[in-house]
Structure formats: C-alpha cells, structure tokens
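Engineer:
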Amino acid sequence: MAEIEGIESVSRSIVAGRVMFLVGSGFSIDSEDLRSNRLMARLLLRFEGLVEMWRRRAVGPMVEIERLETELKTIFWLRGDDRFIQYKTNVDKLTDNYYQANSWFCSAYGDLLHQLYVLYPKVEVAAMLSDLLAYEEQLRVTQPLDWDPNKTWQPDEAPFRRLDEELLSWAGQLGDSWQLPKLGKVLFLDTQGFADSRLMAGEPTARSLAVAKGSYRIAGRGRGSRLRPRHHLLARWAREGYLPAVQTTNFDQLIDGAYRLAGMPHAVQGDSEVAARIGDYTSISRADEFFHDGSGGRRVRVMKFHGCAGTYRKLRHAQGLYSDTDKQRALLDYVSGLVFTFSDILHWRDDGWARDQIRSEMRSKRAVLAGFSGSDPVIFDTFRSCYAEVERCRTMGAGSQTELPFVFCKNRDSEEFAARELISYAESAVGRSRTPFGSGDGYLPFVYSQSGKFPDYDQLFQVLNHFAYRQRQRELLNSHLELAADSIEAPGQNAISMVADCKKIITEFEHIVECERAWIEKCLDDEGQPYSAEVFEREIVGWTYTFHPALLREWAIHYQRRATGSSRRVPALSLRQTLYYPMEDEPLWTVGAILCELALRQMIAYRLTGNADEGLSINAKRLVLVANGLAEPVLHYATNQPGYRTRRELRLSWDMSGTMARHRLHLAPPHSSRVWQQLHSRNGSVNRPIGKTPEPIEIWKYASMDWKAPGASNKKLVAKLNTFIP
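Okay, structure coming up:
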C-alpha cells in the first residue's frame, strides 16, 4: 500500500475516534533534549561531585565511598579509577543498562545522603552544599577528556541546582532504613530535571494563560517554543472529541501544555476559557487519579503510565499544606510509583489499571506508536499478548478485518526490528498476510528535522490532520450546506437555486481536495526536494492548520464576548494563535468557513488574473494564494501580472477595542482597507454588511457561480470585485 493511502487510512480512523496514540520519549526529543545519555551523564556528574566533596573536606571515613565506587565500576564495567565521567564509553554503558543504572544511583544517592547527615555538623551544612554545587558546576563545564577529540563539545546547558537541605533533614529522620532508596530517588529525580523547568518546562495549570504559554518558551532562542505542531494537533483532536485519551510513558508536561493552550484548562481550574463541548482535561499518573477521573465524559485525559513531573513538583514544593512528616510521606509514596528503576519496570507489569487501560484501548482501536523504538520490554510484551488474544478470538469465529490495528511512526533512515515484530503480530491477529520488512500500511514514515528532508515529524502529523480536517469538512458540507443556504437572508434577491448551487460548491470543494492530495503525494515521493516542504506548509496545510481554525476561533471569541457582555474571560490577543474551537460544535460555522475559502480563492484569482480556476487549483502558475498566519486568518497572494507583482496580504482580524467586533481587510502596499462584519452567526445566518462588504447572498454566489459563464445576474457581482478586493 502506498504511503499516502496508509496516512489517509489513519486519518479516517482519527475522525472516527478509533485511534489510540501511545507517545514515547522520541516524540519530544527535539523539544526537550532529554536523551538517556544526557540524563545519565548528569547522574554520574552528581555522584562524582558528592564523592569529590567528601574527599576534599574529609568529612568522614572513606570506606563507604570506596565501596560505592567499586560497585559502580565492577557492576557496569566502567573505565577509570575515580573520575568515571571523563570517559564517554562509561556513559554509554550506563545508558545501555538504563533501568539497572537508575536503580543503582537511587540506592547510592540514598546512602550518601544518610552518611552526610550522620557525619557532618549541621552548622556547616550550608558551606558543604555550596562547595558541592561549585564542584558539580566545574565538572559540568569541563566534563570531557576523551569525549570529543575535535574539541566541538558543549557543556550541558542546564546548570545543577543546589542540593536541598530538606533532603538531608529527611535522611536523619529516616535513619538507615529501607526508605533511603526512595529518598535517593528524590535526589535522582531532581538531578534529572523533574523540579527544574530548564530541563522539563511548563506550568500548564498556571492561573494565567500568558504564564502557561510563556513557561514553554526556550530562553535565549527567540520565539521558539518547546510545544511543536504535533503537540498542538493532539490537543486539537482531543478538543474535537476524536481523541478522548492519549497514552504516554513520558513524564514531561508538553502534551498538558498543548491541551491548556488549545482552550482546555486542567480539571482543577474549572470552565474552559472558550466554551466548547470538550471542556477541560485531566492528567492521570497513578491509580487513585484513574479511579476518580478515568471515566472521561466532557473531560479528556492524558494517561501518564510512568508518572508525571507536574505531580512530583506539586508534592516536592508544597508549603504549609501539611506537616513536614506528611509531606515526606506523600512525596516518598509518589516517587515509589514513578517508573525509572529495574524494580519499577517489573512492578509496572502488575499495575492493573495501567495495563488494563492499554489493553482495553487496543482491543477496539488502532494503536499508533509515536516516539517509541518498539523495544521497550513492557510495551512489547503488552502488545504481543493482546494481539495473541485477538488472534485466538478470531480463530474461534469472531471474524477478521482488513484494517491493521497497529501503526508505527517510523524514521525513514532506520529500521526497527521490534516494531516489525509487533506489526507481524498485528497482521496475524486480523488474519492478514505478512508484509515485507519495512513496507506496508503499518508504518507512518518521517525524518528528523535536522536532515532537511520531507516529511519531518511535525509535517507527518500535519498531513494526518489535513486529511482528517478535510474529511470532516466534507461530511459537514454534505449534511449542512442546504441548512446554510436556508439561513441566508437576501431581501430583494431571487430565491437561491439550491440544488445547482450546492452541487457546484461541493464539486469545487472536492476539486481542491483532489489537487491537495496530488501535491501531498508528490511531496512524499519527492522527499528532500527543497520546494516540497514549502509548498506543502504554505499552500496546503496552511488552510487546515491555520486559516480555518483561526476563522472559527474569531467567531467563537466574538460570541463569547456577546454571551458575557464584556471582554472578561476572552483570551489575550497574544494567545489566540493556540486556542482552538472545534468544528464539531458549530457545523454551520464550518460550512460558512468553507464558503469563505471558496469565495476568497475565486474572488482574488479573478480580480488579479481574470481566471477564477487559478484560485482553486494548487498548480496555478500566475497566482500564488497562501493561507498562513497564526493569530488571525490570513491570506497572502501575488501574481506576475503587471501592477500586482508585490505580495498582498488579506487579513480577517477581529477588532477587540470597541463594542462591535469587525473583520478588517488589510492590503499592503499600497495601504488601504475594507471593513467586513462577522461572516456567520450562531444560527447559520450571515449578518448584513456595512460599507464595502459583500452581501451574504454575494458570498454564497462568489463561492457557487460558474466564473467562465457567470450569466447576466452574476455579471454585476464580477464587476463589483474592485469594491471588495482592491
């Protein structure tokens, strides 16, 4: 099956609500550089900092320190006698034994905290911890010796934080007990960035939307954000009701942040900033949260099976809510369930709520693995056993299906044996023949953005969204177009030729979709061509990723203002590019937005070139019509025709300064403007215009007329284009 057909199949499943996304660490590796070897290097740096501080200050006997160093060296076969961090091979060995190494560090950190408390006078704790931080930073900045022969190495950009004196106090309270490894795990998590926004960014539950958005920006990188289009698209699908839950083994808060900025606050915050059918989200990372909020309803769920950095921070930094002993107990109880160590991963196999949740979803939905290598032993075993169960049921007469229940987001530059095995289990489960290695509809191909090829991870998800968005638009257009026609008031106008006009509108929409599909297929076939990504992002997904969502958002904000009688609860302008209003909630708005697209495409094309077909075809040579922009619906257009070579901008912006909300049409250069009122009301009718603005019936006619032979009644509309499109 061709790549584009496999992508279309997944898109159809998304709209049908039959997809389970399972998100792994690779999904956000280019947002937050939380590579295993980087985190392992930080753990080793902190261990060596603690050991060296012990030596320099002669705080006590070296027996325990020497024991730990010997253990680390012999268990993991490390090079060197003391400074293990100087050898990159040591970090690689620890990374290859990820869960076992994590277990060892948690235990070692717990022992070191206890020894420090016992051997060091409290009056000198501050000086000791300051020395420790200074040495850790020295190691961080001057870390490698054999790491980088070409001397291009850059130190870890996130400085260490001073070890918390509270942990030493707790070490004294716990004594030499079985709880020490849990306390060591707290220091382990602090070192890995669980309490540090520089490594794991985001405050999705912040009261202010501006604070929530700003918490995901990358300091020193301009307007860059850790939230990528793929994060936002997961949130949009949730907002539409297609994705009631997303499953992840990640600890970060990137998906949470995308949900918040899409207009869904966390459940503890109450109502959405822009009211919609899907009101809020909840993050579930442990059994009690699942039992309380796992049922869903109007609430979508982020299922964090291995734990959540946000919950950890809340417990870690809690002040004045309960006694120090209660805080200690609550924190240690939570960290014991975070899946990082060898014993954690074994325990998770028996964690009923998480295991059963994944299996239940798998039995009825297509599983899309994004950011996984497929080799995670627990995930692999869960999928293998579930598909074996499905196969047993099929052979007992439960029937078969042609749609593959397992899809793997595959890097084109590599092959994953574990993923191929899971695909074969899925094929066997539904009674399909085994496909050759690396082929078939079980793969969604992408390349990492650094390669400069097409499609990267974000473009892959934008293709999925484009097909899903156009499919749902098609369905709503077919079911609600006649209702939209009935709702248009046109005093003094002849009755709309409903059947002919509706047929023409649907035909033109299908022509656009057909052209877009052809271009996407070409982009996939011509991977790496420099023009492919630009054409794809600006001329195709610009309509479904920015223009249409922006237009629906403008209308939603307007009616939110009308409902409240003021600007209260209306999001700040700087945040409007992320808020998402679902087309499922107001089908007539979606139809109105399609009419706007068809009308604008043809009006601009005919005004500038005399050929409206060039506004509909993606292959237009003289006219370039681009849907882009963030905060507002924007069109850029240009032509090689004399007098119109400069790119023009048409911006449908919302006037938030006064009581009347208006769309403004801006074109530059030369500087001129037209004011358009809102194009669609809640009941589907188009408000009467003011000034040089098309009548509602004119918008309809511009979208539905035959521009090659407009007829006598429409020739006046063609002549009025100069009024509407300067």
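Numbering-wise (this note's numbering), the sequence shown opens with residue 17 and increments by one. By construction, the Cβ of each residue, glycine as well, lies at the ideal position given by its N, Cα and C atoms. In this text, all values refer to a predicted model and were calculated from it rather than measured experimentally.
#1: Give the straight-line distance between the Cα atoms of Ala6 and Asp397, rounded to the nearest whole angstrom.
#2: By a C-beta neighbour count over all protein chains shown, 10 Å radius and 16 as the cutoff for buried, is Glu19 buried or exposed?
#3: Using CA coordinates, which residue listed in Ala615, Glu153, Met319, Val134 is at the minimum distance from Glu714?
#4: For Thr562, count neighbouring C-beta atoms within 10 Å of its own C-beta (all shown protein chains included) and say buried if the count is 16 or more, exposed if not.
#5: Cys409: buried (16+ other C-beta within 10 angstroms of its C-beta) or exposed?
#6: What are the uninterrupted segments assigned as alpha helix (DSSP H) that are 4 or more residues long and contained completely in the stretch 707-741, given in chain order?
#7: Between the alpha carbons of Ala217 and Ala174, how many angstroms are there, rounded?
#8: Would you list, in sequence order, the uninterrupted alpha helix (DSSP H) runs of no fewer than 4 residues that lie entirely inside the stretch 424-480?
#9: Is the Cβ-Cβ distance between Ala386 and Val39 less than 9 Å?
#10: Looking only at its own chain, which residues have a Cβ that is under 8 Å from the Cβ of Ser449, when we skip the five neighbours before and after it?
#11: Considering only the beta carbon of each residue, do Ser633 and Cys539 sit closer than 9 Å?
#12: Keeping to the same chain, check which residues put their C-beta closer than 6 Å to that of Phe552; ignore five residues upstream and five downstream.
#13: Leaving aside the five residues before and after Leu30 along the sequence, list all residues of the same chain whose C-beta is less than 7 Å from its C-beta, in chain order.
#14: Residue range of the beta strand (DSSP E) that Asn266 falls in?
#15: Residues bridged to Lys320 by DSSP?
#16: In this structure, how does DSSP classify Glu665 when only helix, strand and coil are distinguished?
#17: Report yes if the CB atom of Tyr473 is closer than 9 Å to the CB atom of Arg244, and no otherwise.
#18: Check each candidate in Tyr464, Pro461, Val463, Glu437 and name the one with the smallest Cα separation from Thr451.
#19: Under the three-state reduction of DSSP, which class applies to Met599: helix, strand or coil?
#20: Which residues in the same chain as Glu419 place their Cβ atom closer than 6 Å to its Cβ, once the five residues preceding and following it in sequence are excluded?
#21: Between which two residues does the beta strand (DSSP E) containing Thr86 stretch?
#22: Per DSSP, His652 is paired with what?
#23: With Ala1 as the anchor, note down where its beta strand (DSSP E) starts and where it stops.
#24: Taking buried to mean at least 16 other C-beta atoms within 10 Å of its own C-beta, is Gln154 buried or exposed?
#25: Using the C-alpha atoms, what's the distance from Phe358 back to Asn118?
#26: Using a Cβ-Cβ distance cut-off of 9 Å, determine whether Met144 contacts chain E.
#27: Using a Cβ-Cβ cutoff of less than 7 Å, which residues in the same chain neighbour Ile610 once the five nearest sequence positions on both sides are dropped?
#28: Across which residues does DSSP place Tyr275 in a beta bridge pair?
#29: Output yes or no for whether 9 Å exceeds the beta carbon distance between Thr264 and Phe321.
#30: Might you give, ordered along the chain, the residues of its own chain that have their beta carbon closer than 6 Å to the beta carbon of Ala346, omitting 5 neighbours on each side?
#31: Distance, Cα to Cα, Glu256 vs Gln208?
#32: Take Glu630 and list the residues in its own chain whose beta-carbon comes closer than 7 Å to its own, dropping the five residues that flank it on each side.
#33: Can you tell me which of the three DSSP states Ile300 falls into?
Structural biologist: On the basis of the data shown:
#1: Missing from the structure shown is residue 6; the chain here goes from 17 to 742 and no further.
#2: Counting from 1 along the sequence shown, the entry for residue 19 is found at position 3. Per the 10 Å Cβ criterion, buried.
#3: The residue labelled residue 714 in the question sits at position 698 within the sequence shown. With distances taken between Cα atoms, Glu714 lies closest to Ala615.
#4: Stepping through the sequence shown from its first residue, residue 562 is reached at position 546. Buried.
#5: Residue numbering aside, residue 409 sits at position 393 when the sequence shown is read from its first letter. When all chains shown are included, Cys409 counts as exposed.
#6: Whole alpha helix (DSSP H) segments, 4+ residues: 712-720, 728-735, 737-740.
#7: Here residue 217 refers to the residue found at position 201 of the sequence shown. Here residue 174 refers to the residue found at position 158 of the sequence shown. Rounded to the nearest angstrom, the two C-alpha atoms are 12 Å apart.
#8: 433-445
#9: By 1-based counting over the sequence shown, the position of residue 386 is 370. By 1-based counting over the sequence shown, the position of residue 39 is 23. Yes; because the gap between Cβ atoms is below 9 Å, this pair is in contact.
#10: Walking along the sequence shown from the start, residue 449 turns up at place 433. The answer, listed in chain order, is Glu443.
#11: Sequence index remark: in the sequence shown, residue 633 carries index 617 (1-based). Sequence index remark: in the sequence shown, residue 539 carries index 523 (1-based). Contact: no.
#12: One-based indexing of the sequence shown puts residue 552 at position 536. So the qualifying residues of the chain are Cys539.
#13: Position 14 of the sequence shown, counting from 1, holds the residue named residue 30. Just to set this straight, residue 30 is Ile in the shown sequence, not Leu. Excluding positions up to five away in sequence, the list reads Trp253, Tyr258, Leu480, Ala484.
#14: Position 250 of the sequence shown, counted from the start, is the residue given in the question as residue 266. Counted as a single uninterrupted DSSP element, the stretch harbouring Asn266 is not any beta strand (DSSP E), since DSSP gives it neither H nor E.
#15: Along the sequence shown, one-based indexing puts residue 320 at 304. Paired residues: Thr264.
#16: Here residue 665 is taken as the residue at index 649 of the sequence shown, counted from 1. It is a strand residue.
#17: Mapped onto the sequence shown, residue 473 falls at position 457. Mapped onto the sequence shown, residue 244 falls at position 228. Taking 9 Å as the Cβ cut-off, Tyr473 and Arg244 qualify as a contacting pair.
#18: The residue you call residue 451 lines up with position 435 of the sequence shown. Cα-wise, what sits closest to Thr451 is Glu437.
#19: Locating residue 599 in the sequence shown gives position 583, counting from the first residue. Looking at Met599 - three-state DSSP - the assignment turns out to be coil, as it is neither helix nor strand.
#20: Counting from 1 along the sequence shown, the entry for residue 419 is found at position 403. Same-chain partners within the cutoff: there are none.
#21: Reading the sequence shown from its first residue, position 70 is the one you call residue 86. No beta strand (DSSP E) holds Thr86; the alpha helix (DSSP H) holding it covers 79-92.
#22: Your numbering for residue 652 matches position 636 in the sequence shown. According to DSSP, His652 bridges with Val642, Glu665.
#23: Since the first residue of the chain shown is 17 and the last is 742, residue 1 is not available in this structure.
#24: Counting from one through the sequence shown, the residue named residue 154 turns up at place 138. Flag for Gln154 reads exposed.
#25: What you label residue 118 is simply residue 102 of the sequence shown in a count that begins at 1. What you label residue 358 is simply residue 342 of the sequence shown in a count that begins at 1. Rounded to the nearest angstrom, the two C-alpha atoms are 7 Å apart.
#26: In the displayed structure, chain E is absent; only one protein chain is listed.
#27: Counting from one through the sequence shown, the residue named residue 610 turns up at place 594. If we look at Ile610 and ignore the five residues flanking it on each side, its Cβ neighbours are Gln489, Leu493, Phe525.
#28: Against the sequence shown, residue 275 aligns to sequence position 259. According to DSSP, which records beta bridges pairwise, Tyr275 is partnered with nothing at all.
#29: As a working note, residue 264 is residue 248 in the sequence shown. As a working note, residue 321 is residue 305 in the sequence shown. Yes, the pair counts as a contact, with Cβ atoms nearer than the cut-off.
#30: The count along the sequence shown starts at 1 and reaches residue 346 at position 330. For Ala346, where only same-chain residues beyond five positions count, the Cβ hits under 6 Å are Leu331.
#31: Position 240 of the sequence shown, counting from 1, holds the residue named residue 256. Position 192 of the sequence shown, counting from 1, holds the residue named residue 208. So the alpha carbons of these two residues sit roughly 35 Å apart.
#32: In the sequence shown, the residue the question calls residue 630 occupies position 614. Here the set comprises Ala621, Ala636, Arg638, Leu639.
#33: Along the sequence shown, read from residue 1 onward, the residue named residue 300 stands at position 284. If DSSP states are grouped into helix, strand and coil, Ile300 belongs with the strands.
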